[in-house]
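Heads up, the thing below is written out as structure tokens.
Structure below.
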């Protein structure tokens, strides 16, 4: 059984003037223990909103529908009452920019210790020892817990933020752009850490990013999101070598590779606004292979091989 | 050989930190950019790449060394002496969300440099610059405000404002790092077209893949120095300096089947206030020898033609 399964998840934001923004429009996927999955797409595609919904941390003007199954139990069904026991304990998150969210006047250790004590996992000396353990787990000497955030480099603060998310030994870790503000060498260190943690602890990871090569490098599978939908889901190899959706192909086509073997081409236009109803495929105006049917209805999801599916009317052409 | 536009020689930029400490942000950098040439200055945060560019624009004073634009020494040029140079040498900033005044319409943003430089035929020049920057037809954008534009369009507006003065060279500081992947290639393609039309381009970036795709030459900086430079494909495919080798090895590849053997350096770039003795890379270098802690190697020829690296082992 999947440790996490998301079924037909929707998220709406209420806007002033009785308007509504349909940020997540029915996404479904499963995640196995120890698996690393990428959730990729451009800004505004709904990827961050989707994982916030899984944490039950949406802002008050948002509502969610669908099912979020954690070990088979629907944690979305009962609202905060069913979400709260699992938040941080079973499913945890590293927020975008978490490394810059430490309180500058408190030591790193005390800020990790606080949730440990709040969650009732340990107190006083034991909590301190647990903090040291968590820091060691992410590659920081436990003795450094009495240092202040400014005494840590960006990479170390990001490690500490990951340690904090792991305080309650969750089964699922959601990481939102965990390496975006970091230099490439430090990024490599953090990626190596995430791979090690998932391998050693059996932790399942969802990495939200706009960076396809990152996902190709460390994730086994990825879901590509566009305008609130998952447009394609498959292994990273399938997505790169046998994309089903033109968006996946065009996104890879817009990504420079180091050996400069391919031309890079940008995707014309911009993603649609989600506060208006969209008829047909939302990617159609930017797509290089749209046909008449694309304007009429949202394309059905087609499965090309087990675990590899895409929502497109047009036959795949690599 | 095309005309050399920008020449930086042995540039040192230092800041005082407290009473006694001196931080050398740039410590002996030399580079040139010729007309029609696309040069990428690559390195991690804090390596001095932005300071180098800002010093070339005289936004930051040089401590020593010389900066020449064409045949004029501008190292100590006054603001009024810089004015004609600034018409020729324009800069594009990283963040098009921050660099455009939200109260100005696009036409006013693009016309502002013309006003400052007292140039006539503003309407005509504004339209020409916008079309050159890919904002076509210009009429569609002239009356708009920045908030009505996408990130890519905003960056085109800042490029148009730079082009309005018909410069001979552009400095682009991380021109696409704030933009979505899907539109980056368009902006970089635009810079590339401008290069083809004869402009010199110096792009500052931390992204080796982008540099590999668009630059003719790559200069790799580490802790205030250029440690390797050469033709872009040579630097990427045949890196000579151990730092460049490590940097190239950790760049994620879009193809998951392309096997990676990342050589991950531990730790982070040292503080420029506390530069190691000898080769400044030796404490993190996987192949450092005893000599590396005392000898500070200059750039010297390595690999193919025009390829140089600062390492005693090459």
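Residue numbers (this note's numbering), protein chains in the order written: chain A, 433 to 750; chain B, 119 to 432. Even glycine gets a Cβ: it sits at the ideal position worked out from N, Cα and C. Bear in mind that the values here come from a model prediction, so they are computed numbers and not experimental data.
Under 8 Å between C-beta atoms of residue i and residue j
{"i": "residue 280 (chain B)", "j": "residue 379 (chain B)", "result": "no"}
{"i": "residue 651 (chain A)", "j": "residue 469 (chain A)", "result": "yes"}
{"i": "residue 382 (chain B)", "j": "residue 691 (chain A)", "result": "no"}
{"i": "residue 193 (chain B)", "j": "residue 130 (chain B)", "result": "no"}
{"i": "residue 162 (chain B)", "j": "residue 223 (chain B)", "result": "no"}
{"i": "residue 348 (chain B)", "j": "residue 426 (chain B)", "result": "yes"}
{"i": "residue 698 (chain A)", "j": "residue 303 (chain B)", "result": "yes"}
{"i": "residue 324 (chain B)", "j": "residue 160 (chain B)", "result": "yes"}
{"i": "residue 173 (chain B)", "j": "residue 144 (chain B)", "result": "yes"}
{"i": "residue 756 (chain A)", "j": "residue 614 (chain A)", "result": "There is no way to answer for residue 756 (chain A), as the model of chain A reaches only from 433 to 750."}
{"i": "residue 733 (chain A)", "j": "residue 741 (chain A)", "result": "yes"}
{"i": "residue 369 (chain B)", "j": "residue 326 (chain B)", "result": "yes"}
{"i": "residue 212 (chain B)", "j": "residue 300 (chain B)", "result": "no"}
{"i": "residue 282 (chain B)", "j": "residue 338 (chain B)", "result": "no"}
Three-state secondary structure assigned by DSSP to residue i
{"i": "residue 729 (chain A)", "result": "coil"}
{"i": "residue 749 (chain A)", "result": "Since pLDDT at residue 749 (chain A) reaches only 44, below the 50 mark, its modelled position is unreliable, and the value read off the structure follows with that caveat. The answer is coil: DSSP assigns residue 749 (chain A) none of H, G, I, E or B."}
{"i": "residue 306 (chain B)", "result": "helix"}
{"i": "residue 355 (chain B)", "result": "helix"}
{"i": "residue 451 (chain A)", "result": "strand"}
{"i": "residue 574 (chain A)", "result": "helix"}
{"i": "residue 219 (chain B)", "result": "coil"}
{"i": "residue 415 (chain B)", "result": "coil"}
{"i": "residue 214 (chain B)", "result": "coil"}
{"i": "residue 133 (chain B)", "result": "strand"}
{"i": "residue 657 (chain A)", "result": "strand"}
{"i": "residue 148 (chain B)", "result": "strand"}
{"i": "residue 622 (chain A)", "result": "helix"}
{"i": "residue 744 (chain A)", "result": "coil"}
{"i": "residue 587 (chain A)", "result": "helix"}
{"i": "residue 518 (chain A)", "result": "coil"}
{"i": "residue 684 (chain A)", "result": "helix"}
{"i": "residue 436 (chain A)", "result": "strand"}
{"i": "residue 182 (chain B)", "result": "strand"}
{"i": "residue 734 (chain A)", "result": "strand"}
{"i": "residue 191 (chain B)", "result": "strand"}
{"i": "residue 531 (chain A)", "result": "helix"}
{"i": "residue 164 (chain B)", "result": "coil"}
{"i": "residue 120 (chain B)", "result": "coil"}
{"i": "residue 337 (chain B)", "result": "strand"}
{"i": "residue 156 (chain B)", "result": "strand"}
{"i": "residue 700 (chain A)", "result": "coil"}
{"i": "residue 346 (chain B)", "result": "strand"}
Cβ separation of residue i and residue j, assumed to be a contact under 8 Å, to the nearest whole Å
{"i": "residue 318 (chain B)", "j": "residue 155 (chain B)", "result": "5 Å"}
{"i": "residue 217 (chain B)", "j": "residue 276 (chain B)", "result": "6 Å"}
{"i": "residue 502 (chain A)", "j": "residue 518 (chain A)", "result": "6 Å"}
{"i": "residue 707 (chain A)", "j": "residue 453 (chain A)", "result": "4 Å"}
{"i": "residue 439 (chain B)", "j": "residue 235 (chain B)", "result": "Residue numbering for chain B in the displayed model covers 119 to 432; residue 439 (chain B) lies beyond these limits and cannot be assessed."}
{"i": "residue 433 (chain B)", "j": "residue 415 (chain B)", "result": "No answer is possible for residue 433 (chain B): it lies beyond the span of chain B, which begins at 119 and ends at 432."}
{"i": "residue 278 (chain B)", "j": "residue 253 (chain B)", "result": "6 Å"}
{"i": "residue 677 (chain A)", "j": "residue 656 (chain A)", "result": "7 Å"}
{"i": "residue 498 (chain A)", "j": "residue 440 (chain A)", "result": "4 Å"}
Residues that residue i contacts on chain B, provided the C-beta gap is smaller than 9 Å
{"i": "residue 720 (chain A)", "result": "Under the 9 Å cutoff, chain B gives no residues; its nearest Cβ is about 13 Å from residue 720 (chain A)."}
{"i": "residue 432 (chain A)", "result": "Residue 432 (chain A) cannot be examined here, being either before or after the span of chain A that is shown, 433 to 750."}
Residues that residue i contacts on chain A, provided the C-beta gap is smaller than 7 Å
{"i": "residue 521 (chain B)", "result": "This structure does not reach residue 521 (chain B), given that chain B is present from 119 up to 432, and the question cannot be answered."}
{"i": "residue 312 (chain B)", "result": "Ordered by position in chain A, no residue passes the 7 Å Cβ test against residue 312 (chain B), which lies about 16 Å from the chain."}
{"i": "residue 300 (chain B)", "result": "474, 683, 686, 698, 699"}
Partner residues on chain A for residue i, Cβ-Cβ distance less than 9 Å
{"i": "residue 135 (chain B)", "result": "In chain order: nothing, as chain A lies at least about 15 Å away."}
{"i": "residue 380 (chain B)", "result": "620, 623, 624, 649"}
{"i": "residue 383 (chain B)", "result": "617, 620, 621"}
{"i": "residue 422 (chain B)", "result": "In chain order: nothing, as chain A lies at least about 17 Å away."}
Contact list for residue i against chain B, beta-carbon separation under 8 Å
{"i": "residue 585 (chain A)", "result": "386"}
{"i": "residue 659 (chain A)", "result": "Going along chain B, no residue has its Cβ under 8 Å from residue 659 (chain A), so there is no contact; the nearest lies around 13 Å."}
{"i": "residue 463 (chain A)", "result": "Residues of chain B passing the Cβ test: none, with the nearest at roughly 18 Å."}
Partners in chain A for residue i, counting only beta-carbon separations shorter than 8 Å
{"i": "residue 276 (chain B)", "result": "Within chain A, no residue comes near residue 276 (chain B); the closest Cβ sits about 17 Å away, beyond 8 Å."}
{"i": "residue 268 (chain B)", "result": "702"}
Proximal chain B residues relative to residue i, where beta-carbon distance stays under 7 Å
{"i": "residue 645 (chain A)", "result": "370, 371, 372"}
{"i": "residue 608 (chain A)", "result": "None at all; the shortest Cβ gap to chain B is about 16 Å."}
Can you give me, in chain order, the residues of the region 728-739 of chain A that have a beta carbon less than 8 Å from any beta carbon in chain B?
none
Of all the residues that make up the region 470-502 of chain A, which are near chain B by a beta-carbon distance shorter than 7 Å?
474, 475
Could you run through the region 318-340 of chain B and flag, in chain order, every residue whose CB is less than 7 Å away from some CB of chain A?
324, 326, 327, 328, 330, 331
Any C-beta of chain A within less than 9 Å: which residues of the region 347-378 of chain B qualify?
350, 351, 354, 355, 364, 365, 366, 367, 368, 369, 370, 371, 372, 373, 374, 375, 376, 378
Would you list, in chain order, the members of the region 548-582 of chain A that have their beta-carbon closer than 8 Å to a beta-carbon of chain B?
none
What residues from the region 140-169 of chain B come within 8 Å of chain A, judged by C-beta to C-beta, listed N to C?
162, 163
Please list, in chain order, the residues of the region 661-673 of chain A that have any C-beta partner in chain B closer than 9 Å.
667, 668, 669, 671, 672, 673
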